[in-house]
Every structure is written in C-alpha cells, then in structure tokens.
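First residue of the sequence shown? That's 22 in our numbering, and the numbers climb one at a time after it. Think of the CB as a built atom: it goes at the ideal place given N, C-alpha and C, for glycine as much as any other residue.
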Amino acid sequence: MILSALLTSVGINVALCFLFLILYTILRNRPSNAELYVPRLVAEGKFQEYYASGVRGFLSSFKWVKRAWQATENELLENSGLDAVVFMRIFIFGLRVFRFATIVGIFILLPFNYMGNQLNIDFTDLPNKSLETFSISNVDDGSNRLWIHFSAVYIFTAVVCYLLYSEYDDIAALRLSYFYSSKPRPSQFTVLVRSIPVTAGRSFSETIERFFSEYYPSTYLSHSVIHRTGKLQALVNKADKTYKKLVHLDSKKYPQQNSKRGCCLGICGRKAERVDQYEKKLEDVEGDMRAEQLSLAGKEVPAAFVSFKTRFSAAIVSHLQQGVKPTDWVTEPAPDPQDIHWPFFSASFFKRWMCNIAVVFTCLLITIMFLVPVLIAQGLTNLAQLETMLPFLSGILRLEIVTQVVTGYLPSLILETFLDLVPPVMIVLSSIQGYIALSQIEKSACIKMLWFTVWNVFFANVLSGSALYRIDVLLEPKRIPELLAVAVPGQASFFIAYVVTSGWTKTFSSELFRVKRLMLNILKGSLCCDSDDELEVPSNPYHKEIPRILFFSLLGITYFFLAPLILPFVMIYYGLGYIIYRNQLLNVYSPKFETGGKFWPVVHDATIVFLVLMHVIAIGIFGLKKLPSASSLTIPLPILTLLFHGYCRRRFLPSFKGFPAECMINKDRLDQNDPTISSFYEKLSTAYQDPAMERVRHSEASESSTTPLLTSYR
C-alpha cells in the first residue's frame, strides 16, 4: 500500500468517526432514545434525573466525555463489579505500553528506518511510495543501526513485563479487597456435588442429607437436588417472555381512538386484541407446564448444590476427595445462582462428550471457511493481482481515487464485516461444551475468539500474501522465523488501515452509536407502531470485546520495531476506547455475572504470546538483515520471557482460582457478628432451586407470588 492510499483510508474513517459522534450527540439528547443510549439508567429509573441534569444543547451534551473521564475506579467497581474494572484495566495497560512504544518507535526507530537506503527512496515522490520506506525493511543490510532495533526489543520487553507484573499484582490485591468488602454471596458457601452414589431404598436427597450430616455435622446447612428440567425450562421461558410483553403492552400509553396507531401494515392489532392474544397464550403455556410437572419428579440427576455455614467449610469440601471411590461424590465450587447454565444438567455425559468433538470440528471448519474473506481482502491490496483476475476492471482501477479506496479502505472493511459473524457462533459452541456457568461459557468463547482472531486475521493475512504458495516452508520449523521476517513487515500497511477501520470507526459506530440497534429500532418502527418487548439491558460482551482489544495489542507489539508507524494509531484506539467503554459501562451495560476479575489471566497469557512472537520475528529479521550476532543474542529473550510467565503463574494464578484460607476464615469470623447472616442462611437454602421448578402464575392477576412445582429439600 502506498502512503496516499493509507491517508485516504485514514481520512474516510476519521470523517466517519466525526459523523457518528455528531449523530450520537444529537440523538442521545432526545429522551425518546433513552432506551437505546442509556438503557441501564432507564432500567434503574435514573434516566429522568440524567436528562434533567443538563444534557440538552449540543455543547452540553459532550458532558458524557467528562463524566466518563472523571468516574473513579471505585464508582465503576460499585456500579459494574470487578470484571468491569479489570476490563478497563486492559485499556490502561495498553495506554501505558504503547505510550512508551510510541515515543521510542516514532522518535528513535522511525527516523533510522526512514533514512535507510535499502529501498532507494525518492523523497520528491513520497506520497506514491510504499509504506515499507518507514519500516525496518528500508534499513541497510548489515547496518550498525540495526543494533538500535535490537536494543529497543530488549528494553520494550522489559517494560512490558514490568507492567504485566505490576497489573497482575495490583488486580490480585484488588480481588482480595473486593472479597473483604463484598456482602456474602451464595457461591462462597456452596459446592456442586456430582456422581452421587445410588443407595437402595433411599432417594438422592436422603443420601445427601445422611452423608453430609454425618461428616460435616457442625457446618452442613442445606442442599437442593437437581432435576432434568430442559423441557419445563423452555416452557417457563416462553411464559416469562409472553408475560413481560403483556405487562409492557399494558404500561404503554395509547390513544383510545386511533386506527392508524392501532394497526400498522396489518401487523399490529389493537391493544385490546393483543392483550387477549397474550392472555390466551399464557393459559396454554401454563397448561403445558402443569402437564410437564407430573413427570418431573422422576427426572432427578445424581447431583446437588450443597450449602454450608462457612466459606472455609465449602472450600474444604470442594477441594477434598469425599468418598473412598474417587468417581463418587465429585465436588467443585458452585457459581452464583444467576450465573448457572441450567441446561448443563439436562444433557447426558455422552451428549456433552459428543458435543465437545463437534465443537472441535466446527472450529476447524470455520477457520478454513474464513480463509475466503481473507483471500478477498488480500486480493484487493494487490492491484496487479486484481487486474489479472478481473481484467474488465482495469480501466476503473487506473483512477487514483478508486485505487486508494480499494487498496486502503475496502480490505479491512470486508474482513471486519465477516469477523462480526463469528462471536455469536463461538458463544453457541461454548454453551454446548458442558460448562456449568454462564461466566465459564463467556470465558471459553473469549479464548476461542482470541485465538481465532490471531490466526485468521493476523497469520492468515500475513501468510496469504506471501507464503500460501510455499507450504513447504511451514513444514520446516527452523525456517519459521525467516518466513515471518519476510511476511510480517509487508502487511504493516494493511494492519494500519485495519486499526483505523476496525478500531476507530467501529468503536464509534458499533459501540457508542449502536448503529445496528438503531437500525433495528427504525425497522421495527416502520413495520409496527410499537414493540411489546420489555426493555432488556445488555451486558458487556466480553467474549467479543476482549479478543478485539487484545488483537490491537498484538499488532502494536509485533510491529513495534518492524513498522513503528502503526503505534500512534494503536495508542489513539486505546485512548478512544478508554472513554467510550467507560461511558458504556456506566450508562448502557449491566453485569449479568461476576467472576472476580478472572479474565485478566487471559490478557496476561495473550500478551506473553505476543511478546514471544515479536522475539521470533526479531530473530528472523536480524538474520535476513545479515546481522547474525544480533539474531543469536535475541534467542535468550523468548526463553527469559517464558520463565517470567511461569513465575507469574505460580505467583498470582492461585489467587484467581480461589481465595486463601486466611481470608475466608477472617471473613467467616466477621460474619459471626453480622446480624443479617441468619436471614442470608434462610435465603441460601432456596437460592439454588432451579428457576424452572417454580411456576409463575401470570394468568392470575390477583397473584404475584410464585408457586413451587416441587418441594425444596433441606
């Protein structure tokens, strides 16, 4: 890509960013858009106060930037939990890393690259020259200037490792502080017990009661046996959804006589007709629920949630073998009740095993299929190849503006469009793998999405441009550094455009402006006067956002010494993301689970991999540049980095898997003086009852309580 094509791409995306920012500023001023731009405040009943506090007017509406900037970490912790704080720490970590990298890369490395003679730069025609003139490719082979790049790699690695250690240590301490300051949570007192042995003449409930009363008489509290409620859960969800529509419809203010609003395009009936329709639907669903109830008692699963009076007792039970046979009484820490993925218990072991195999093959299939948009994107960056494949476009492609748009903007746009289709698929695949908690599903999808992005967006683009026709090179591990050293620098211009398109513009359009949701609302409005759906506050899609954020970290780290021109673009992305995502966490997203910051080890591990990848490329590039001594001296660097990684895992990772006994015992002692602990124990006894075990009697307006389908066990 030539410099003018990059400038065209940057110009288009900057214009789009300003457009989305202005539209967001205008639309968010209207209270009618509150459910779109501040849904969390609407759900909490704070949006009227928010609009009354002075957001009217164009200039005053930019106060959201000030609010997002001034919000303290404690406020974010209180409103959105520790996961949100850790999520924002990714941006803070990125800003610290790439602030240093930008200073070194732009003011030290870039001038040496620019003044090299390897590519014979004609300074009078700079706009039409390749961006490789700003990369290490332009440094003369064997030049002593390469030692500056060598030193920069070592110094940068040391800085990143220091920041990683500092963040890991800080977040681990924050976990303990959050643990001490938080109220008692059911998951801290409960374990999941599986493989309960079958005893003749006793139910699972009686077996559990006898076992834990005998071996944990002073701390055992209660238990809830699990049933296979897959079909009943589907009926309950259907009833809940219908009831929410009915309540939402009844709460809307409709003009009494308005035939136009009564029906749009024949889709929406009158309000009374829809109320009758939903009430009839509720009655039918509840009839099916009662029928399913009759057969529910015989669908017990040899598993139960067992609760104890202290955190320490629950931790002991979850980590010790309970029975003589290791396959009986298998225990593990329980998630919070709202975090449980109940369909897990409705699937047999064989079904989960088959699903895991299917997930592996599906991931491989998606990876192979994604090569198609990668090849399309790479084809657009190579005009000569494009003209050869599509000769009828040669006349159009000779136009300068068309050339700049096609090579500078379209490839990254096409790639990002296809990439948007992958995260929902990863969530579905993770949900059928047998995870017990929604947070585990989200984390699994996050890891899948991260490495899918690294392979399909980074390696596939790099290798498709230079090495797919040299598969034999990939079969020789010794030549991998050489291969990467040749292929990676050549894709710097593509990835700069990708940062601008996928980073800058998408953050404004998809995240801040919520363009997809806006289009959906407009489409619904054109077809129907009003929606019967109740407002659903979204949660932060960690499985989608964390891999995307880390991918820009990959680009910044690997291209730090190769093509430092990318660094300012990456740093600007982290700056924009810091403000925008803070605003979203405060006004848009509401947490649906809390892992206590367990996503940070994923960030740490990924950053270590990115550093090692940079080292491998450095070994290859110094060898290609005929500086073998620098190449040899770089070899210890990935080894030292992996040793540092191993130390961090031993030092910090246990703190993310559980809490120390000292902390739990101290917290249990504090609870002894808490007057509310007795009421907590009462709620804990029924906290882990399957939601499908309770039938909400929506059809009877006089009753708002819930009636259990089966009695709970204590």
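Asked	Found
Should Ala211 and Ala335 be called a contact, given that it needs their Cβ atoms to be closer than 8 Å?	The residue asked about is misnamed: residue 211 is Thr in this sequence, not Ala. Result yes, Cβ atoms of Thr211 and Ala335 sit closer than 8 Å.
Specify the secondary structure class of Gly287 as computed by DSSP and reduced to three states.	The predicted position of Gly287 is uncertain, since its pLDDT is 47 and thus under 50; a value taken from the coordinates is nonetheless stated next. Gly287 falls in the coil class under three-state DSSP.
Quick one: Cα of Thr29 to Cα of Val35, how far?	10 Å
Taking buried to mean at least 16 other C-beta atoms within 10 Å of its own C-beta, is Val375 buried or exposed?	The residue you asked about is not Val; residue 375 is Met in the sequence shown. So Met375 ends up on the exposed side.
Is Arg196 closer than 8 Å to Gly617 when the C-beta atoms are compared?	yes
If you measure between the beta carbons of Pro559 and Tyr610, is that distance less than 8 Å?	yes
Taking the beta carbon of Ala379 as the centre, do at least 16 other beta carbons fall within 10 Å, making it buried, or is it exposed?	exposed
Can you tell me where the beta strand (DSSP E) with Phe614 in it begins and where it stops?	Counting along the chain, Phe614 falls outside any beta strand (DSSP E), and DSSP gives it neither H nor E.
Determine, using beta carbons only, whether Lys330 and Arg249 come nearer to each other than 8 Å.	no
Measuring straight from C-alpha to C-alpha, what distance separates Ala26 and Tyr594?	20 Å
Does the beta carbon of Ile457 fall short of 7 Å from some heavy atom of the ligand SAH?	The ligand SAH is not part of this structure, which contains no ligands at all.
How long is the line joining the alpha carbons of Pro696 and Ser203, rounded to whole angstroms?	16 Å
In this structure, how does DSSP classify Pro60 when only helix, strand and coil are distinguished?	helix
Can you check whether the CB of Ala179 is closer than 8 Å to the CB of Val125?	no
Hey, could you find the ends of the alpha helix (DSSP H) His248 is sitting in?	Element bounds for His248: not the alpha helix (DSSP H) but the beta strand (DSSP E), Tyr241 to His248.
In whole angstroms, give me the CA-to-CA distance for Ser530 and Glu683.	47 Å
Check each candidate in Trp476, Val306, Ser208 and Ile229 and name the one with the smallest Cα separation from Ala255.	Val306
Taking only three categories from DSSP, how would you classify Thr348?	coil
Taking Cβ positions, are Pro568 and Met635 nearer each other than 8 Å?	no
What is the DSSP secondary structure of Ser328, counted as helix, strand or coil?	strand
Below 8 Å, can you find three or more Cβ-Cβ pairs linking the stretch 561-575 to the stretch 619-635?	yes
Taking a contact to mean a Cβ-Cβ separation below 8 Å, would you say Val475 touches Leu575 in this structure?	yes
Looking at C-beta atoms only, is the number of pairs between the stretch 181-190 and the stretch 664-672 that lie closer than 8 Å three or more?	yes
Mind checking which residues open and close the beta strand (DSSP E) that includes Thr526?	No beta strand (DSSP E) contains Thr526, which DSSP labels as neither H nor E.
Tell me whether Glu304 sits in a helix, a strand or coil according to DSSP, three-state version.	helix
Measure the alpha-carbon distance for Pro432 versus Asn482 and round it to whole angstroms.	11 Å
Look up Leu583 in the DSSP assignment and say whether it is helix, strand or coil.	coil
Does the beta-carbon distance from Phe358 to Pro207 come in below 8 Å?	Contrary to the premise, residue 358 reads as Pro rather than Phe in this sequence. It is a contact, given that the beta carbons lie within the stated cut-off.
Is the beta carbon of Leu213 sitting closer than 8 Å to the one on Tyr702?	no
With H, G and I counted as helix, E and B as strand and the rest as coil, what does DSSP make of Leu556?	coil
Among Val296, Gly598 and Ser245, which has the Cα closest to the Cα of Lys266?	Val296
With Ser328 and His244 assumed to form a contact (beta carbons below 8 Å), what rounded beta-carbon distance in angstroms separates them?	7 Å
Given a threshold of 16 other Cβ atoms within 10 Å of its Cβ, counted over all protein chains shown, does Gln69 qualify as buried or as exposed?	exposed
Would you give the residue range spanned by the alpha helix (DSSP H) that Arg671 belongs to?	Pro657 to Lys678
At the 8 Å Cβ level, is Gln710 part of the contact set with chain D, yes or no?	Considering every chain present, this structure includes no chain D. It has just one protein chain.
When you compare only the Cα positions, how much space is there between Gln512 and Val160?	17 Å
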